[in-house]
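What follows is a single structure, written as structure tokens, with notes after it.
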């Protein structure tokens, strides 16, 4: 263990292991600290999250400095035998590449935010809360670093359990219903996903003779022996694709499988919402990129128009539903539905610009929605209501809170110069490129209409967000009715009673600033120089979508009358 | 043509206001009443640099045109790339039907310097500086004092970037950024619900326009394979022609016409309508008057609202390839000019009169742009320049009145103010004369040019004769291009006159629907009527405010007085500019010659429409007559003791209601767009709860009906579910493994 601190021996793989282990160690420390009271627990959690963030950031910097990163080679690979008996080859296999790099960093960043926004909000059984939050962090880091199917699935399920308890114990009034719905819904989907992954493993083993669970190996082998995509083969590739889709689509969520999300968000404690919106939703998209697209390219190509359409419809649908919400947190939850629609649309447009935009939009949405959920939590702590009609004039009482809310709102509605614009623009530009010249003539009109729907979503997005901003922050100060302050944290209501009753200043406190400013920095950074964030992922994204994109093009050519092909320049 | 040092200076123009804004954010509170200093210093330095750039560019234009006397189109262009915003290599698809041209997605943050940009930069920073100085007096004592100057600096940064940007994505970025600054400044007094609502409305209406710009940008990328204005030489030496770069400008087949071209133009027009408050997206501008008056002067009169004019002018070659789209620009412009002027005649809020006047004058600029001739484009920019002076002057004058009247802006409540505030009254009068188009004030000359451009399209033969009589500038005209018929050269310069072009257009292309002399004649007469209306409502406002018995509202207190020097100083400067700029720019023809060297205008298709510089006596007489009638009618109705009565409005009858209700645009939009969308949203929410979620819940309840065994399993204990899940999974794994072994 001594040479762990020796720079020469501190190899990237050890570094990666350390990043994932730190939150677990921190959880242990927090548990031990439990007897010393709330302050000790939350301080230890904050220290753990900060150390993890620094380590993760350092690892990312090391990755970017590595010559292999240009070629999208996996970095910091860890390979420990786990279950290697007979033909089984399950390994504790970790590593980073361009696909997972930024999500890995975002998980570390948002975990610190989640700890800091819970600072004053959680006073009930803090030990359990922070332990779960840190276990969740380890699981999130692990999901994106896993390079083995079984390990991925273990981490994936491990994200569910802590969040289930976080919602179920520290949530709001309807927390139990929300937690159960969230858990059952996601679990049902993910069990199907697991079956699909097993089918892939078995198909591979029937060709190679070893039951390999290594994602890299599977991807390579499946390119050589694709799952059958014919009636003879039982459309096995499509069946497996649908099985994977079941879990991933619920997770994203793709409309109409989204109804667990608003409920879970509204009932979740702020810290849980931050992790849920910021990271957990992205696992679905990550799953598409990591498994479905490279391993099942032909099925992806068949499903792409449908999912593209669902994405575009989801944008408008989510935005419309958001427009009539009366609960601020629910409104932002529906905006997540709308924004994940953009990501799905971009992903299944299958053009390099759109997919790179979608991959970046994962990060963008993670930053903006986490920031907005954190701010809604802060508003709730001050005024004990999330009802838009009961809030008003916060700008004069909490100017810096307002400034940050405006910043994340602008990021969310895709104001250029901030991060949200980059992803949205690239997704829509890439989708437009697909619609313009990349689909069979019969589909072109439908694709163009869907693209226009997507662009119209930009207008709707501004509408509901600015409406909410107008009602909540502008206008005269409104005193929220005391009756609504009956949160379940009885002592909380007493503690903040004087805040709610007066038009006093109640601006951000240090830990709230610390929770939000790092996000704001990235919101601006990505908006001004997105190339910094696009380039490390570019090669990996292209590799992972290449087969699906080619397969899609082949289908479209087949559906195009030959005379039109001849006329093409 | 590398111009190294000017490009460094060019970067400073937006950078200094940005630094000023950041300084304001950090030290604003500490500076307190001195918080205007960073903004004034930053914008001031930026204005000085802009003027240097303007002079330098003018110098280069002059030397370039002397050097190359054979070339028709002198193009002066400098581009500097700051950093690469985003790159996606090889986005070419293995496609069924590859698009005509899609290069890589490569977006540099590139700024450009050319005559059009230099002109815009000078206007923005000079008016910005005057407004900043004025605001130091006007906003004095406001609790948001530092915030105001941060926002103004941010705006100047965004606006200068917008006009200096050298690709469409960057234009889109700052197109929205100025919109965001506008949003924040309209909602500056955010505790006022009307201000908050007006800010939101402005942003949303602009977003509808931005929809157009976004789709236009995608179409441009699909069509031209790049979003850059300028040409780029790749590492391997191949030239990638930009959309508005010299390579494409001089390529006879450089621009697409047809449906795609028209779609691009109409979408750009939609974007311009949003930003420049043209019909049907004009509804946000009058409400935007909720913002502080200096912000209205800078953003909603002089600069930001002219971004649409700038965009269309910049895209001149794209528009010229689609004559019908051009005609649509003029139709939108002239109609807006007339409608807004009609509404302006019955407004009683001084700022709203000016707001409708701004919409109307922007309509003039669009009408001029739509002629698609070099005269039309340069006249539009000429009017943009003079309008920036006199409209900023009028707004700041109105602000001065408001400042002294304790915030009251209803013209019926005060009168005879010339005795109380002589400087404001005198400068306001100068601005009004300029706006009304009275010789020799600035508006007279620029409006005359616009009328000439429209007249030239409506009566091409008359103009041809007119020009043959004039000095023969035609030697300088290059190979002419017929925009209507595509891109075939129409012979030499000598036999190119505007009437052949119109005749050829009418004969060759049956597809041209709108671009006919009859259309232009109607537009000309509409513009002339608008000129009369402009003079009427302007002087109605002057008479109601400054003449008649002295009356001061109670809100002003007992010591209504002339505004302090920081406010009157800028008024005087702007008054001088409004008085002389038109005369000077017209007689020396400096601006038109200068602008002609802008790459977009130097394109053969545009340059070929050049006509000799002339003073159109007949049009000047008509314009002056219209203005005189307007002023006389206003004097009849509102001069002196009649200053406050609704004398003239009685004669309008039901029309008065129509004008006062602003042609019912707001209720129509509410009923046709907002309400249906809200109903749809409610429906979607209902479906979401009952159908989508209902199905899920029904599915979840299904097992409960399956009998006692299942019910016992439904213990609600998570551990048991998890256990069942794990066991099930294990079973499946075992089963699969078993199958594998066999």
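Chains as they are written, first to last, in our numbering: chain A, 265 to 833; chain B, 8 to 749. For each residue, glycine too, the CB sits at the ideal point set by N, CA and C.
Item                                                                                                                                                                                            : Value
So with Cβ pairs under 7 Å, would you call residue 210 (chain B) a contact of chain A?                                                                                                          : yes
Using the three-state DSSP reduction, which class does residue 728 (chain A) fall into: helix, strand or coil?                                                                                  : helix
Let me see if you follow: with CB-CB separation under 7 Å, is residue 696 (chain A) close to chain B or not?                                                                                    : yes
Could you check the C-alpha separation between residue 604 (chain A) and residue 518 (chain A) for me, to the nearest Å?                                                                        : 7 Å
Tell me the rounded alpha-carbon separation between residue 432 (chain A) and residue 371 (chain A).                                                                                            : 22 Å
By Cβ distance, which residues of its chain are closer than 7 Å to residue 13 (chain B), with the 5 residues on each side in sequence left out?                                                 : 60, 63, 85, 120
Taking 7 Å as the threshold (beta carbon to beta carbon), is residue 633 (chain A) in contact with chain B?                                                                                     : no
Below 8 Å on the Cβ atoms is my guess for residue 461 (chain B) versus residue 531 (chain B); work out the distance and round it to an integer in Å.                                            : 4 Å
Between the alpha carbons of residue 390 (chain A) and residue 283 (chain B), how many angstroms are there, rounded?                                                                            : 56 Å
Closer than 8 Å by C-beta to residue 308 (chain A): which residues in its own chain qualify, once you throw out the five before and the five after it? Chain order, please.                     : 290, 293, 294, 297, 394
Residue 700 (chain B) touches chain A at which residues, Cβ-Cβ below 8 Å?                                                                                                                       : 523
Taking C-beta pairs closer than 8 Å, name the residues in chain A that residue 685 (chain B) reaches, listed in chain order.                                                                    : 587, 588
Going along chain B, which residues have a C-beta under 8 Å from residue 620 (chain A)?                                                                                                         : 95
What three-state label does DSSP hand residue 570 (chain B) in the structure shown?                                                                                                             : coil
Could you spell out where the alpha helix (DSSP H) holding residue 594 (chain A) opens and where it closes?                                                                                     : 592 to 613
Determine the DSSP secondary structure at residue 353 (chain A), reduced to helix, strand or coil.                                                                                              : strand
For a contact defined as C-beta to C-beta under 8 Å, what are the partners of residue 204 (chain B) on chain A?                                                                                 : 734
How would you list, in chain order, the residues of chain B whose beta-carbon sits under 7 Å from the beta-carbon of residue 680 (chain A)?                                                     : 179, 180, 183, 184
Could you check whether the Cβ of residue 366 (chain A) sits closer than 7 Å to any Cβ belonging to chain B?                                                                                    : no
Could you check what DSSP says for residue 420 (chain A) in three-state terms: helix, strand or coil?                                                                                           : helix
Can you tell me where the beta strand (DSSP E) holding residue 85 (chain B) begins and where it ends?                                                                                           : 85 to 95
Label residue 368 (chain B) either buried or exposed according to how many other C-beta atoms from any shown protein chain fall within 10 Å of its C-beta, with 16 as the threshold for buried. : buried
What separation, rounded to the nearest whole angstrom, lies between the Cα atoms of residue 594 (chain B) and residue 630 (chain B)?                                                           : 18 Å
Which residues bound the beta strand (DSSP E) around residue 114 (chain B)?                                                                                                                     : 112 to 120
Tell me the residue span of the alpha helix (DSSP H) that contains residue 536 (chain B).                                                                                                       : 524 to 553
Quick one: list the residues of chain B neighbouring residue 739 (chain A), beta-carbon separation under 7 Å, in chain order.                                                                   : 198, 200, 203
Pull up the DSSP beta-bridge partners for residue 410 (chain A), would you.                                                                                                                     : A:358
In the structure shown, what three-state DSSP assignment does residue 258 (chain B) receive?                                                                                                    : coil
Have a look at residue 758 (chain B) and residue 574 (chain A) and give me their C-alpha separation to the nearest angstrom.                                                                    : The structure shown does not extend to residue 758 (chain B), since chain B is modelled only from 8 to 749, so the question has no answer here.
Can you check which of these residues, B:660, B:309, B:336, B:236, is closest to residue 521 (chain B) by C-alpha distance?                                                                     : B:336
Short of 6 Å in beta carbon distance, which residues of its chain neighbour residue 313 (chain B), apart from the five on each side in sequence? Order them along the chain.                    : 391
Strictly below 9 Å CB to CB, what residues from chain B border residue 864 (chain A)?                                                                                                           : Because residue 864 (chain A) is not part of the residues shown, which for chain A are 265 to 833, the question remains open.
Buried or exposed: where does residue 266 (chain B) fall if 16 or more other Cβ atoms within 10 Å of its Cβ makes it buried?                                                                    : exposed
Can you give me the Cβ contacts of residue 668 (chain A) inside the same chain, cut-off strictly under 6 Å, excluding the 5 residues immediately before and after it?                           : 780
Going by CA-CA distance only, name the one from B:574, B:70, B:159, B:123 that's closest to residue 431 (chain B).                                                                              : B:574
If you reduce the DSSP assignment to three classes, tell me which class residue 534 (chain A) lands in.                                                                                         : helix
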